[in-house]
Ligand code: SF4
Ligand code: SF4
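Protein chains in written order, with my numbering: chain A, 1 to 427; chain B, 1001 to 1185.
Right, here's the structure in full:
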């Protein structure tokens, strides 16, 4: 923190004795103080600078300064083929990058009219919801860390690590997955992976209960969050705030429910909503969302066409082998391979893939809110234009309105409750 | 955005018993007693963790178990007899998101067989995305489960063909572990 303008010295001169009728109030200058918070601040989750005008300890005005992490995500798309561009998407919203990939590949699928096999949709849904859990877990840990609790942070990271191990088995990377492909996914599930996921989701509710035991009704947490940072539905709609912040204001807007994509219309889940619109309501909504995600994953595992990866791969190998042998010796019987089971999607040559000219926009419900991708293609391997709508940008833009009149010490609690991630704001 | 909210959504949304007001209502009995109760509950939960095993590893004595899909150091597999498998098709260089990260120079010998003169990968700029490994038509460029890649200079991170190439046995071993046809001639 650095002071930008200090009021002129107003200390009472030593020879004037306050007792002799000099008002103490006069001794203090009530000029506003402009304080520069960040850009390097441990609680800004990235690089955010807030020019704050303080009156005493009360925030009078605030102006976020963004752009420190700008990496020209959109411009990069214009100089790379779609497949070349795809891995760079991971680096933007790195806490839940499956969502960015989903929006991106869905755009291409829409433009090219590529069908996506159901198995792929289910694999995507499992990874998406696991990703929502990791993202909310990180938020849970850091939010409570901002409030001064360090234990939940380690617990959240411990459990997040388990999901990352699962992701590593599936995609080869812990956070930069680059797993979805146009009309499919990079590789089928490894054998036994679904069982490991099931083990995790069976155990996770117990751990969520533990988290809640230390945090949800802790009087310190309640004191710092209830009634703080009230973000009403009207303000949300004015600023385009989406995601848990909007749902905490009593508006059940969840694209998975209202405009289902993937196979979200086939699973049952609820959209957690609170009406209080304060920091605590946002906390409650997110914790509840993790439980709903578990529900979705469980249904996906139960209903995924083709079941576990190993068996399916073996069967496919057998079918392929028999089909090959049949060409030489027509008496060989090919094992049954239901053709509706086109599980792996059409193999496309990524080296030369050119979607037809067209445009598409896709909106998905990321852990932070509505994430949009708009793409224009012109028949070349490159996209003519890619535009992203990140939830964090809009969610951050309401911060000045939200902070007015609050104490400075509540800033990080309220800012943390918005779950803004700076790389997504700056792109 | 079209955000039509169905009645059912609204109804399911009100998640009884999970709202702030409820929590406050529950707490109004006696803030102090409830507060102490909650803090004790939290502390007991924390205490329970003392019996659990640590999940951290004593690296480097204990190495993490990595999956066989792990994106680690890049390498070039060879044929089973140890000769070059790469055919110099440049596919890997073309899908790499970073310009000139993979540099390949090749010529064809008298029998029109490709000969790779130079093959460098600048690991300092590699983002381990896996695009190159996915498009290689002969399954030559692949990841190794090796993540200890730190070095003292950027130049040391530019691996040339000799650093990258695995010999025949290692390549066979790799193919065996990843379920590919083992002998490649
Ligand atoms: S892993 Fe990605 S960045 Fe690294 S060399 Fe391969 S394509 Fe390029
Ligand atoms: S894609 Fe494979 S065969 Fe082609 S140049 Fe790269 S490593 Fe060699």
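A virtual CB, placed ideally from N, CA and C, is assigned to each residue, including glycine.
query = Quick one: is residue 23 of chain A near chain B, going by C-beta distance under 8 Å?
reply = Legend: pLDDT at residue 23 of chain A = 48, less than 50; position of this residue unreliable, no value from coordinates given.
inquiry  = Per the DSSP calculation, residue 374 of chain A is bridged to which residue(s)?
reply    = A/361 and A/387
request  = Just mark residue 1141 of chain B as buried or exposed, buried being the case when its beta carbon has 16 or more other beta carbons within 10 Å.
outcome  = buried
task = Check whether the Cβ of residue 1141 of chain B lies closer than 8 Å to any Cβ atom in chain D.
result = The structure shown contains no chain D; its protein chains are A and B.
Beta-bridge partners of residue 382 of chain A, as assigned by DSSP = A/81
inquiry  = For the pair the region 212 to 222 of chain A and the region 1101 to 1115 of chain B, tell me if three or more CB-CB distances fall below 8 Å.
reply    = no
One or two residues paired with residue 366 of chain A in a DSSP bridge = Beta bridge pairing from DSSP links residue 366 of chain A with A/369.
key: Backbone secondary structure at residue 57 of chain A - three-state DSSP   = coil
query = Does the Cβ of residue 1130 of chain B lie closer than 7 Å to at least one heavy atom of ligand 2?
reply = Within the chosen limit of 7 Å, ligand 2 does not reach the beta carbon of residue 1130 of chain B with any heavy atom.
task = Step through the CB atoms of chain A and report whether any lies within less than 8 Å of the CB of residue 1129 of chain B.
result = yes
Any alpha helix (DSSP H) of 4 or more consecutive residues that is wholly inside the region 1101 to 1135 of chain B = 1131 to 1135
key: Inter-residue Cα distance where the pair is residue 1136 of chain B and residue 166 of chain A   = 26 Å
key: Sub-8 Å separation of residue 1072 of chain B and residue 1119 of chain B beta-carbons   = no
task = Kindly confirm or deny that the region 275 to 292 of chain A and the region 246 to 266 of chain A touch, where touching means at least three C-beta pairs closer than 8 Å.
result = yes
key: Chain-order list of residues whose beta-carbon lies under 6 Å from that of residue 280 of chain A (same chain, five-residue window excluded)   = 225 and 226
message = Here's the rule: buried if 16 or more other CB atoms are within 10 angstroms of the residue's CB, otherwise exposed. What is residue 1150 of chain B?
response = When all chains shown are included, residue 1150 of chain B counts as exposed.
key: Residues of its chain near residue 21 of chain A, where Cβ-Cβ distance is below 8 Å and the 5 sequence neighbours each way are ignored   = A caution first: residue 21 of chain A carries a pLDDT of 44, below 50, which makes its placement in the model unreliable, though a value can still be read off. So no residue of the chain qualifies.
request  = Taking a Cβ distance cut-off of 8 Å, strictly less, list which residues of the region 1077 to 1106 of chain B are near chain A, in chain order.
outcome  = 1091, 1094, 1095, 1096 and 1097
key: residue 151 of chain A - DSSP class collapsed to helix/strand/coil   = helix
query = Can you name the residues of chain B whose CB is closer than 8 Å to the CB of residue 383 of chain A?
reply = None at all; the shortest Cβ gap to chain B is about 14 Å.
request  = Let me know if residue 441 of chain A comes out buried or exposed under the rule of 16 or more other beta-carbons within 10 Å of its beta-carbon.
outcome  = There is simply no residue 441 of chain A to check, as chain A begins at 1 and stops at 427 in what is shown.
query = Would the beta-carbon of residue 126 of chain A fall within 8 Å of that of residue 300 of chain A?
reply = Yes; because the gap between Cβ atoms is below 8 Å, this pair is in contact.
message = What are the residues in the region 69 to 83 of chain A lying within 7 Å of chain B by C-beta distance?
response = 80 and 83
query = Mind listing which residues of the region 350 to 370 of chain A have their C-beta closer than 8 Å to chain B's C-betas, in chain order?
reply = 350, 351, 363 and 370
task = Consult DSSP for residue 1042 of chain B and reduce its assignment to one of helix, strand or coil.
result = helix
message = Do residue 427 of chain A and residue 74 of chain A count as a contact pair if the criterion is CB distance below 8 Å?
response = yes
inquiry  = Here's a check: name, in chain order, each residue in its chain whose Cβ is nearer than 7 Å to the Cβ of residue 1101 of chain B, leaving out the five neighbours to either side.
reply    = 1121, 1122, 1125 and 1126
task = Using the DSSP secondary-structure output, state which residues sit across from residue 1159 of chain B in a beta bridge.
result = B/1121
task = Could you tell me whether any Cβ in chain A is nearer than 8 Å to the Cβ of residue 1138 of chain B?
result = No, because no Cβ of chain A sits closer than 8 Å to the Cβ of residue 1138 of chain B.
request  = Tell me whether residue 1079 of chain B sits in a helix, a strand or coil according to DSSP, three-state version.
outcome  = coil
request  = Compute every distance between the C-beta of residue 1115 of chain B and the non-hydrogen atoms of ligand 2, then say whether any falls below 7 Å.
outcome  = Residue 1115 of chain B Cβ: outside cutoff for every heavy atom of ligand 2.
message = Between the alpha carbons of residue 201 of chain A and residue 298 of chain A, how many angstroms are there, rounded?
response = 7 Å
query = Does any heavy atom of ligand 2 sit closer than 7 Å to the C-beta of residue 1096 of chain B?
reply = no
query = Which residue's Cα is closest to the Cα of residue 112 of chain A: A/392, A/424 and A/376?
reply = A/376
inquiry  = Taking 8 Å as the threshold (beta carbon to beta carbon), is residue 85 of chain A in contact with chain B?
reply    = yes
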